[in-house]
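Novice: Handing you a structure now.
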Amino acid sequence: MNPNSDTILGLGFFVFSQKNGFIVDFVFRNYIILVRFYTLIKSLFLMKKIVLFVFVSALFLSCSKKENKVENVERAFYYWKSNTSFDDVSIEKINKLQVQKIYVKFFEVDYNETMGNFPYEKNRPREYEFRRLDSLAIVPTIFIKNEIFQYNTEKSLDKLADNIVFLIDKYHKDYSDKNIFEYSEIQIDCDWTKSTKEKYFYLLKKIKELSNKEISCTLRLYPYKYPDIMGVPPVDKAMLMCYNLIKPLSSKDKNSILDISELESYLNERRSYPMHLDVVLPVFYWTQWYENNRFSGLVNLNSSDIAGFTKPVKPLWYEVTKDSTYQYDTFFKKGDQIKCEEVSAETISKAISIIKKNVELDANTTISLFHLDDSTFKKYSNEEISSFYSSFSK
Numbered sequence: 014m015n016p017n018s019d020t021i022l023g024l025g026f027f028v029f030s031q032k033n034g035f036i037v038d039f040v041f042r043n044y045i046i047l048v049r050f051y052t053l054i055k056s057l058f059l060m061k062k063i064v065l066f067v068f069v070s071a072l073f074l075s076c077s078k079k080e081n082k083v084e085n086v087e088r089a090f091y092y093w094k095s096n097t098s099f100d101d102v103s104i105e106k107i108n109k110l111q112v113q114k115i116y117v118k119f120f121e122v123d124y125n126e127t128m129g130n131f132p133y134e135k136n137r138p139r140e141y142e143f144r145r146l147d148s149l150a151i152v153p154t155i156f157i158k159n160e161i162f163q164y165n166t167e168k169s170l171d172k173l174a175d176n177i178v179f180l181i182d183k184y185h186k187d188y189s190d191k192n193i194f195e196y197s198e199i200q201i202d203c204d205w206t207k208s209t210k211e212k213y214f215y216l217l218k219k220i221k222e223l224s225n226k227e228i229s230c231t232l233r234l235y236p237y238k239y240p241d242i243m244g245v246p247p248v249d250k251a252m253l254m255c256y257n258l259i260k261p262l263s264s265k266d267k268n269s270i271l272d273i274s275e276l277e278s279y280l281n282e283r284r285s286y287p288m289h290l291d292v293v294l295p296v297f298y299w300t301q302w303y304e305n306n307r308f309s310g311l312v313n314l315n316s317s318d319i320a321g322f323t324k325p326v327k328p329l330w331y332e333v334t335k336d337s338t339y340q341y342d343t344f345f346k347k348g349d350q351i352k353c354e355e356v357s358a359e360t361i362s363k364a365i366s367i368i369k370k371n372v373e374l375d376a377n378t379t380i381s382l383f384h385l386d387d388s389t390f391k392k393y394s395n396e397e398i399s400s401f402y403s404s405f406s407k
């Protein structure tokens with residue numbers, strides 16, 4: 014209703030009221046009440062629509078944040094030891110957990126002035142071992158040190174790609190029974206940087222071209238979050254590494270293998286990456302050893318291993334209470350400090366929840382655990398390990 018109509022209506026009431034004062038006054042008062050009532054109803058209706066809109070929007074955003082289930086989880090492990098040897102217990106556990114794939118580190122690549130690019134830490138799985146894993150897909154996995162790229166040209170990278178493909182194929186051809194080791198995928202593990210990405214991506218393209226295999230690579234959370242800075246690797250798919258977010262010696266208070274607050278700093282909103290992503294979670298441990306407050310090295314011990322000669326002093330930290338020798342080759346002195354980093358099943362479950370909410374995963378996704386070791390089955394129960402896989406489908 015505009016001001017002019019209000020004015021005319023008011024004058025009409027004034028004239029009419031001179032003759033019918035009581036009636037006009039009654040009608041006018043009720044008219045005002047009706048107008049105010051109508052305005053109130055209209056405001057309430059508008060408010061109701063706003064509240065409903067906000068509620069529906071919040072519900073939609075909440076659902077979209079939670080609904081990221083993987084329909085088909087392919088269960089996998091990494092095997093990172095230098096000597097492949099699967100004991101009976103490991104084989105039994107793998108079968109019981111219905112593991113379908115193992116990423117086996119075949120060798121690592123480094124560089125020196127004398128040899129140029131060279132393979133080391135070779136791990137040629139024995140034919141007997143492969144026969145025990147005949148129901149599993151084997152993925153040859155190669156670790157490449159990022160430092161090599163500062164010494165290489167495209168020409169030398171061509172040669173490196175050829176050598177990598179040749180050595181993997183040689184392992185395959187050396188077996189008397191070729192059917193025990195068939196592979197359709199090669200994975201490259203490298204912590205590339207902004208300055209090395211061009212050469213690294215060039216190498217990936219050459220490996221793909223020469224092998225005619227599906228090529229995957231590992232993907233740390235920094236390049237995942239900042240693809241505009243770090244680039245997107247030219248591969249068929251990537252394995253998102255949800256651990257090792259902190260340098261081992263950079264923080265004395267945080268677990269450098271997996272810290273939930275650090276994970277949340279990278280996975281703080283829903284993102285989609287321009288290629289298929291698989292996921293790998295940590296089930297390993299390591300221990301930092303300090304003598305006279307100086308770092309002495311990493312030792313492969315967990316909290317159970319050191320319980321007999323240490324006492325806890327604060328979260329993650331232990332103090333050696335008596336001179337002790339562990340497995341004949343590691344000597345601890347009284348007063349030494351040990352930082353034991355391992356990941357609880359509860360922490361892994363929290364990490365899975367964060368990943369599901371913030372990483373776009375396809376209906377068919379490989380979920381892998383790093384790495385396969387007899388200690389893995391001592392620390393976690395079958396039910397816990399199985400839940401690390403199945404939680405992605407819930």
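This note's numbering puts the first residue of the sequence shown at 14, with every later residue one more than the last.
From the three backbone atoms N, C-alpha and C, an ideal C-beta is built for every residue, glycine too.
Runs of 3 residues minimum, wholly inside the stretch 321 to 403: which ones carry the beta strand (DSSP E) assignment?
Specialist: 323 to 327, 330 to 333, 337 to 339, 343 to 345, 350 to 354 and 377 to 383
Novice: Helix, strand or coil: how does DSSP classify SER406 here?
Specialist: helix
Novice: Using only the alpha-carbon positions, how far apart do CYS203 and ASP272 sit?
Specialist: 22 Å
Novice: Determine whether the beta carbon atoms of THR379 and ASP291 lie at a separation below 8 Å.
Specialist: yes
Novice: Do THR154 and PHE194 have their CB atoms nearer than 8 Å?
Specialist: Cβ atoms of THR154 and PHE194: not closer than 8 Å.
Novice: What are the boundary residues of the beta strand (DSSP E) that includes GLU87?
Specialist: Note, GLU87: beta strand (DSSP E), 85 to 92.
Novice: Pop quiz: LEU232 and ASP175 are said to be a contact at Cβ under 8 Å. What is the actual Cβ separation, rounded to whole angstroms?
Specialist: Wrong, their Cβ atoms sit about 25 Å apart, outside the cutoff.
Novice: Unbroken alpha helix (DSSP H) runs of length 4 or more, entirely within the stretch 137 to 171: which are they?
Specialist: 140 to 145
Novice: Could you tell me if ALA71 is buried or exposed, where buried requires 16 or more neighbouring beta carbons within 10 angstroms of its beta carbon?
Specialist: Any reading at ALA71 needs caution, since the residue's pLDDT is 47, under 50, leaving its predicted position unreliable; the model's value is listed next. Classification of ALA71: exposed, given that the 10 Å Cβ count is below 16.
Novice: Once DSSP output is grouped into helix, strand and coil, what is the label at ILE201?
Specialist: strand
Novice: If I measure Cβ to Cβ from SER95 and keep anything under 6 Å in the same chain, skipping five residues before and after, which residues do I get?
Specialist: GLU134 and ASN136
Novice: Quick check on the DSSP output: what are the complete alpha helix (DSSP H) runs of length 4 or more inside the stretch 215 to 244, in order along the chain?
Specialist: 234 to 238 and 240 to 243
Novice: Taking a contact to mean a Cβ-Cβ separation below 8 Å, would you say ALA89 touches GLN113 in this structure?
Specialist: Yes, these two residues count as a Cβ contact at 8 Å.
Novice: By the three-class DSSP mapping on this structure, what secondary structure does SER210 have?
Specialist: The residue asked about is misnamed: residue 210 is Lys in this sequence, not Ser. Looking at LYS210 - three-state DSSP - the assignment turns out to be helix.
Novice: Looking at chain C, is there any beta carbon in it that lies within less than 8 Å of the beta carbon of ARG139?
Specialist: The displayed structure is made up of one protein chain only, and chain C is not part of it.
Novice: When you compare only the Cα positions, how much space is there between SER197 and SER337?
Specialist: 48 Å
Novice: Got a sec? Which residues, its chain only, sit under 8 Å from ILE21 by beta carbon, not counting five neighbours each side?
Specialist: Confidence is the limiting factor: at ILE21 the pLDDT is only 38, short of 50, which leaves the residue's position unreliable, though a coordinate-based value still follows. Excluding residues up to 5 positions away in sequence, nothing lies with its Cβ nearer than 8 Å to the Cβ of ILE21 in the same chain.
Novice: If I'm right that LEU170 touches LYS212 with Cβ under 8 Å, what's the distance once you round it to whole angstroms?
Specialist: 6 Å
Novice: How big is the Cα-Cα spacing for CYS76 and MET252?
Specialist: Legend: pLDDT at CYS76 = 47, less than 50; position of this residue unreliable, no value from coordinates given.
Novice: For ILE151 and PHE143, I'd like the C-alpha separation in whole angstroms.
Specialist: 9 Å
Novice: Grab me the residues of SER263's own chain with a C-beta within less than 8 Å of its C-beta, minus the 5 sequence neighbours each way, in chain order.
Specialist: SER269
Novice: Go to GLU121, then tell me how far its beta strand (DSSP E) extends in each direction, as first and last residue.
Specialist: 114 to 125
Novice: What span of residues does the beta strand (DSSP E) with ALA309 cover, start to end?
Specialist: The sequence given here has Ser at residue 309, not Ala. Its beta strand (DSSP E) spans residues 307 to 312.
Novice: By how many angstroms is the C-alpha of LEU294 removed from the C-alpha of GLU277?
Specialist: 15 Å
Novice: Would you kindly report the start and end of the unbroken alpha helix (DSSP H) that includes TYR279?
Specialist: 273 to 279
Novice: Near THR343, what residues of its chain come up, given a Cβ to Cβ distance below 7 Å and the 5 sequence neighbours on each side ignored?
Specialist: VAL312
Novice: Measuring straight from C-alpha to C-alpha, what distance separates LEU65 and PHE401?
Specialist: Caution applies to LEU65, whose pLDDT of 46 falls short of 50 and renders its modelled position unreliable; the value that the coordinates give is listed next. When rounded, the distance between both Cα atoms is 38 Å.
Novice: Return the CA-CA distance between TRP330 and TRP299, expressed in angstroms with no decimal places.
Specialist: Approximately 12 Å between the Cα atoms of the pair.
Novice: Beta carbon of TYR184, beta carbon of GLU140: below 8 Å?
Specialist: no
Novice: What does the Cβ neighbour count give for PRO287, buried or exposed, with the cut at 16 atoms within 10 Å?
Specialist: exposed
Novice: Taking 8 Å as the threshold, find out whether the stretch 316 to 332 comes into contact with the stretch 363 to 371 through three or more Cβ pairs.
Specialist: no
Novice: Could you check what DSSP says for ASP266 in three-state terms: helix, strand or coil?
Specialist: coil
Novice: Taking DSSP as the reference, what is the three-state secondary structure of LYS183?
Specialist: helix
Novice: For the 8 Å Cβ check, are there 3 or more pairs between the stretch 119 to 129 and the stretch 155 to 164?
Specialist: yes
Novice: Apart from the five residues just before and just after VAL296, which ones in its own chain have a Cβ nearer than 6 Å to its Cβ?
Specialist: LEU382 and THR389
Novice: Buried or exposed: where does PHE308 fall if 16 or more other Cβ atoms within 10 Å of its Cβ makes it buried?
Specialist: With fewer than 16 other CB atoms across the displayed protein chains lying within 10 angstroms of its CB, PHE308 is exposed.
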